[in-house]
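If you read the protein sequences in the order shown, they are chains A and B.
If you count the first sequence from 1, position 60 lands on 60 in the working numbering, and the numbers rise without skipping.
If you count the second sequence from 1, position 10 lands on 10 in the working numbering, and the numbers rise without skipping.
C-beta atoms are modelled at their ideal positions from N, C-alpha and C, and glycine is treated no differently.
Everything below concerns the one structure shown next.
There are 2 protein chains.
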Amino acid sequence: MMKMQPKLCRVEDALGILVGKWKPIILLTLLQDGTKRFSDLKRSVPGITQKMLTNQLRELEEEDIITRKVYPQVPPKVEYSMTEYGRSLEPILVAMHEWGTAHTLHKMQKVKGKGMENLN
Amino acid sequence: MMKMQPKLCRVEDALGILVGKWKPIILLTLLQDGTKRFSDLKRSVPGITQKMLTNQLRELEEEDIITRKVYPQVPPKVEYSMTEYGRSLEPILVAMHEWGTAHTLHKMQKVKGKGMENLN
DNA sequence: TGGTATAGTATACAAAAGGATACTAAGGAG
DNA sequence: CTCCTTAGTATCCTTTTGTATACTATACCA
């Protein structure tokens, strides 16, 4: 049994930070590889546009999950990394990842079930 | 260090189920109180409209997270409860709740920091 | 005969999120 | 003089999410 009351629910706090089409993969990448510069992140997250990457990084920075370090160079160099606070999200990311992995089978059975209708 | 590769990320699987303005509180309510009928849920989630509640419940049902039991009565009676599969999300919900609770302080300090500017 | 209750649907609309594309600064290479 | 690089902006558009409001069926109660 859970000890939490829905009315006093703090789940949204964590969820708000993780939600966004690209945030989980950005965070996982930074957790794994440590510091990365903008263009490296862009390569690590296939399909993301510059706008969305900037956008998501700004939001994460605003929430104090990542830091942004600008080197006054040309061409520009900007490095991103997790903050201590950001790293505290790791258990949640891990829990979600494990859930997803453990329940891949469940999903496959649903899909298979649908396909079976044609075979019987 | 994490053992997962961003490219093979299964985080989205769990996230996709949890995302939606009302899903976490619906799930927490069902986890705590067990079976609930539509109108009870509506009362438990203040501010939600019928359409949104129906909507979110249908999505959760579709994902096999909750079950829907209809009693052929008038006025209608429909009961919702978590599936076994749905209950497996509990550790994630708990992890998020704990994170939110533990880091309320962090948030308060940010807000306080901003307010302090006027005081010095 | 009209009002109440439950669990919805239908319709229209507003807001938020995401995407495509073009543009910029400033130095170095050719 | 022009192109290349990086880390962005700016603008416009589409899709997804969420909201508001009105409507329905059917039995019971007065």
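Beta-carbon proximity of residue i to residue j, cut-off 8 Å
{"i": "Tyr85(B)", "j": "His97(A)", "result": "no"}
{"i": "Leu30(A)", "j": "Lys42(A)", "result": "no"}
{"i": "Asp13(B)", "j": "Trp22(A)", "result": "no"}
{"i": "Thr49(A)", "j": "Ile66(A)", "result": "no"}
{"i": "Pro24(A)", "j": "Val11(B)", "result": "yes"}
Collapsed DSSP secondary structure at residue i in the structure displayed
{"i": "Lys21(B)", "result": "coil"}
{"i": "Glu66(A)", "result": "This sequence places Ile at residue 66(A); Glu is not what is there. Strand, per DSSP."}
{"i": "Arg58(B)", "result": "helix"}
{"i": "Ser39(B)", "result": "helix"}
{"i": "Gly34(B)", "result": "coil"}
{"i": "Leu27(A)", "result": "helix"}
{"i": "Arg10(A)", "result": "coil"}
{"i": "Pro46(A)", "result": "coil"}
{"i": "His103(B)", "result": "coil"}
{"i": "Ala95(A)", "result": "helix"}
{"i": "Gln109(B)", "result": "helix"}
{"i": "Leu15(A)", "result": "helix"}
{"i": "Leu119(B)", "result": "With a pLDDT of 29 at Leu119(B), under the threshold of 50, the predicted position of this residue should be treated as unreliable, though the coordinate-derived value follows. DSSP places Leu119(B) in coil when its eight states are reduced to three."}
Through-space distance from residue j to residue i, alpha-carbon basis
{"i": "Thr101(A)", "j": "Tyr71(B)", "result": "36 Å"}
{"i": "Ala95(A)", "j": "Leu93(B)", "result": "10 Å"}
{"i": "Tyr80(B)", "j": "Gly16(A)", "result": "26 Å"}
{"i": "His103(A)", "j": "Pro75(A)", "result": "45 Å"}
{"i": "Gln109(A)", "j": "Asp64(A)", "result": "40 Å"}
{"i": "Ser44(A)", "j": "Gln73(A)", "result": "23 Å"}
{"i": "Leu123(B)", "j": "Lys77(A)", "result": "This structure does not reach residue 123(B), given that chain B is present from 1 up to 120, and the question cannot be answered."}
{"i": "Gln32(B)", "j": "Asp40(A)", "result": "44 Å"}
{"i": "Arg68(B)", "j": "Thr35(A)", "result": "47 Å"}
{"i": "Leu57(A)", "j": "Ser88(A)", "result": "17 Å"}
{"i": "Glu59(A)", "j": "Lys51(B)", "result": "30 Å"}
{"i": "Cys9(B)", "j": "Pro91(B)", "result": "19 Å"}
{"i": "Phe38(A)", "j": "Gly47(A)", "result": "14 Å"}
{"i": "Glu61(A)", "j": "Asn55(A)", "result": "10 Å"}
{"i": "Ile26(A)", "j": "Ile26(B)", "result": "28 Å"}
Closer than 7 Å: residue i CB and nearest the ligand PLP heavy atom
{"i": "Val11(A)", "result": "Because no ligand of any kind appears in the structure shown, any question about the ligand PLP cannot be addressed here."}
Residues that residue i bridges to, as DSSP identifies them
{"i": "Met82(A)", "result": "Ile66(A)"}
{"i": "Lys51(B)", "result": "Lys51(B) pairs with nothing; no bridge assigned."}
{"i": "Lys77(B)", "result": "Tyr71(B)"}
Along the region 76-87 of chain A, what residues have a CB closer than 9 Å to any CB found in chain B? Tyr85
Residues from the region 10-37 of chain A in contact with chain B, defined by Cβ distance under 8 Å: Arg10, Val11, Glu12, Asp13, Ala14, Leu15, Leu18, Val19, Pro24, Ile25, Leu28, Thr29, Leu31 and Gln32
Using a Cβ-Cβ cut-off of less than 9 Å, list which residues of the region 92-111 of chain B approach chain A; keep chain order. Ile92, Leu93, Val94, Ala95, Met96, His97, Glu98, Trp99, Gly100, Thr101, Ala102, His103, Thr104, His106, Lys107 and Lys110
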